[in-house]
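Here the structure is laid out as structure tokens; the discussion comes afterwards.
Numbering (the numbering used here), first residue to last: -9 to 271.
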């Protein structure tokens, strides 16, 4: 099934149930299931971010007249179940917890970044975290129910009340890539130089503790983590590691490979220029 729409700044979000194609800075949002059905979910406000969790919940962050922004949460049936109108800061991204009961959003204002946490059954704020003078760029939910928020200099780990339980400082290195997909850990690609590839790949537990690290010999193109494994796509090979960053496998022929995603089953989706395939390890 083919569906054609015009996107100036295209982006994708996906779950086990749906794939969303949307236009950052526009209003086009189309959601398709894996049977080829496409739902038009175009927005009134300008789209800032769209995320999906593995359970199929979707959070759509848009601009909204009279407010700093709006986050709308949809259930796996693509029905709107929650709206949060932000009056305190500009929302940058929001994500729904794995159990579908809570939502966390990053906002930015003149004082810095904030994480704001809400129960989807209550309009009252459940908790918050402030990072004065710091720009938070993304967040993810951990298996433990904790939240990890990433800035340009560190990753902070929070309870769902907003209480910080740990942090991992980048030590002056630059963030090049990251993945929240690991079971109980965060994966980071860090570089000594602003415009260079990662010099180090690290895994970090949900209290900010270092679990493992490796120094790649080739330029890193993409990171993906799932379960207790980490996938690193380099310019000349694909490598799979344990969460302690001990190598456990890989693929050498990656010349035409554009992207690779590690799945919970342990296999890999290989994405080429005009095709995709699933490869077992």
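Glycine included, C-beta positions come from ideal geometry on N, C-alpha and C. As the structure is a prediction and not an experimental result, all values here were calculated from the model.
- Nearest to residue 154 by C-alpha distance, out of 234, 167, 135, is 135.
- Here residue 250 really is in contact with residue 212; their C-beta atoms are around 7 Å apart, less than 8 Å.
- Residues 58, 97, 98, 99, 104 of the same chain have their beta carbon placed closer than 7 Å to that of residue 79, with the five preceding and five following residues left out of the count.
- By the CB criterion at 9 Å, residue 220 and residue 184 fall outside the cutoff.
- When the beta-carbon positions are compared, residue 61 and residue 53 stay at least 9 Å from each other.
- Assigned with DSSP and collapsed to three states, residue 50 falls in strand.
- As the crow flies, the alpha-carbon of residue 151 is around 30 Å from that of residue 203.
- Counting the other CB atoms within 10 Å of its CB gives residue 13 a total of 16 or more, which places it among the buried residues.
- For residue 87, there is no enclosing beta strand (DSSP E), as DSSP gives it neither H nor E.
- Taking all protein chains shown into account, residue 162 has fewer than 16 neighbouring C-beta atoms within 10 Å of its C-beta and is therefore exposed.
- Across the structure, residue 198 and residue 156 are spaced so that their CA atoms are roughly 5 Å apart.
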